Amino acid sequence: MDRFDILREYQVAAGLIETPGAFFQERIYVPYFWKRYLQGEAHEVGSGVVQFTVGPADRLQFPELEGRSCVRLRQVDEKVTEA
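Its first residue numbered 35, the sequence shown is counted upward by one per residue in my numbering.
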């Protein structure tokens, strides 16, 4: 899943997902990292929080990650949120 897949699958406004569901009102890159988590590409940091290192390829797809070194996510009930 990349930025283009997300834009095809979800309604996005001002960088936030507007489609109801697990990613509602989350930033556009959250489904991208969640898919990576499901593929086993995350480090668990405790309390249900998973962490990803943000690399150049991530920033290329998601310029809004400029200046970020990591993204942390957690699932609460059926919702995935940035931690």
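Virtual Cβ for every residue (Gly too), placed ideally from N, Cα, C.
Keep in mind that this is a model prediction, so the values were computed, not measured.
Segment limits, alpha helix (DSSP H) that includes residue i
i, result
"R42", "R37 to E43"
"L99", "It is not in any alpha helix (DSSP H) - L99 carries neither H nor E in the DSSP assignment."
"V88", "It is not in any alpha helix (DSSP H) - V88 carries neither H nor E in the DSSP assignment."
Residue i vs residue j beta-carbon contact at 7 Å
i, j, result
"Y66", "M35", "yes"
"E116", "G49", "no"
"V121", "R106", "This structure leaves residue 121 out entirely; the chain is present only between 35 and 117."
"V110", "F57", "no"
"Q85", "V79", "yes"
Opening and closing residue of the beta strand (DSSP E) in which residue i lies
i, result
"R106", "C104 to V110"
"E78", "H77 to G80"
DSSP beta-bridge partners of residue i
i, result
"K113", "V110"
"A47", "L50"
"R61", "L50"
Neighbourhood of residue i by C-beta distance below 7 Å, restricted to the same chain and skipping five residues each side
i, result
"A76", "R70, V84, Q85 and F86"
"E112", "A56"
"E100", "R93"
Cβ neighbours of residue i in the same chain (closer than 8 Å, five flanking residues each side left out)
i, result
"R61", "G49, L50, I51, E98 and E116"
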